[in-house]
Amino acid sequence: MMSRFRKQPPIKTSVLVSCFVTAFFLPAYFLCFAENQGDGTVVSKTVTIQSKGDGGIVIDGRRYAVKKSTTILDALGKGISLCDLPVPCEAVVEYRPTTENQAPVCLKIEVKRLLQGASSMVVADDPG
């Protein structure tokens, strides 16, 4: 019975503080660090695609990369190639944002509405 109430050595304050820091602040630090490394955020916007070229489209004067893996759907929801994409058009574009020096990579382009003069032909000022 007396062994149950035997006095335990006191836990030092520094041990408690280090456990507290490890348990609460270290995971928060790694979460913040992961967000700064480009955590795979995908942006979806309704935009006007102004022009296109080999491997890219132009939205608001900025080039967006279109890869072979990019899904492109026409206004009826049918899959098409970049070559068959009529521009200018209004579309919902899903892409991964990048720095200003790199072109964002389109993951999906879904045409919603063709604009006046829309054609699938590539124009001379090719953004690709």
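Its first residue numbered 252, the sequence shown is counted upward by one per residue in this note's numbering. We put the CB at the ideal spot given by N, CA and C, even for glycine.
| query | By how many angstroms is the C-alpha of Leu327 removed from the C-alpha of Ala285? | reply | On the sequence shown, position 34 is the one that residue 285 refers to. On the sequence shown, position 76 is the one that residue 327 refers to. Interpretation of Ala285 is limited by its pLDDT of 46, a score under 50 that renders its predicted location unreliable; the figure taken from the coordinates is listed afterwards. Approximately 39 Å between the Cα atoms of the pair.
| field | Length of the line joining the Cα atoms of Arg314 and Lys329 | value | Along the sequence shown, one-based indexing puts residue 314 at 63. Along the sequence shown, one-based indexing puts residue 329 at 78. Straight-line Cα distance between these residues: approximately 24 Å.
| field | Under the three-state DSSP convention, the category Leu365 falls into | value | Taking the first residue of the sequence shown as 1, we reach residue 365 at position 114. Correct three-state label for Leu365: strand.
| message | Tell me the DSSP secondary structure of Leu358 in three-state form. | response | Working through the sequence shown from its first residue, we reach residue 358 at position 107. If DSSP states are grouped into helix, strand and coil, Leu358 belongs with the strands.
| Would Val317 pass as a contact of Gly307 if the rule is Cβ separation under 8 Å? | The count along the sequence shown starts at 1 and reaches residue 317 at position 66. The count along the sequence shown starts at 1 and reaches residue 307 at position 56. Yes. Within cutoff.
| said: Suppose contacts are defined by Cβ-Cβ distances below 8 Å. Is Val344 in contact with Ile360 by that definition? | reply: To locate residue 344, count along the sequence shown from 1; it is residue 93. To locate residue 360, count along the sequence shown from 1; it is residue 109. Cβ distance < 8 Å, so Val344 and Ile360 count as in contact.
| message | If contacts are defined as beta-carbon pairs under 8 Å, then Val356 and Cys340 qualify, I think. What distance do you get, rounded to the angstrom? | response | If you number the sequence shown from 1, residue 356 lands on position 105. If you number the sequence shown from 1, residue 340 lands on position 89. Val356 to Cys340, Cβ: 19 Å. No contact.
| Quick one: is Thr321 buried, meaning 16 or more other Cβ sit within 10 Å of its Cβ, or exposed? | Indexing the sequence shown from 1 puts residue 321 at position 70. The residue is buried, with at least 16 neighbouring Cβ atoms inside 10 Å.
| task | Pull up the DSSP beta-bridge partners for Glu341, would you. | result | In the sequence shown, residue 341 corresponds to position 90, counting from 1. Thr299 and Arg364, per the DSSP bridge assignment.
| Nearest candidate by alpha-carbon position, reference Lys296, set Leu366, Ser371 and Arg347 | As a position in the sequence shown, residue 296 is number 45, starting the count at 1. Minimum Cα distance to Lys296 is reached at Arg347.
| 6 Å Cβ shell around Gln367 - same chain, five flanking residues per side excluded | Translated into the one-based positions of the sequence shown, residue 367 becomes position 116. Taken in chain order, the list of residues that qualify is empty.
| query | How many Å lie between Leu358 and Val309 at the Cα? | reply | For the purposes of this step, residue 358 is identified with residue 107 of the sequence shown, where counting begins at 1. For the purposes of this step, residue 309 is identified with residue 58 of the sequence shown, where counting begins at 1. Spanning the two alpha carbons is a distance of roughly 15 Å.
| request: Taking only the alpha-carbon atoms, compute the straight-line gap between Ser371 and Thr350 and give it to the nearest angstrom. | output: Walking along the sequence shown from the start, residue 371 turns up at place 120. Walking along the sequence shown from the start, residue 350 turns up at place 99. When rounded, the distance between both Cα atoms is 29 Å.
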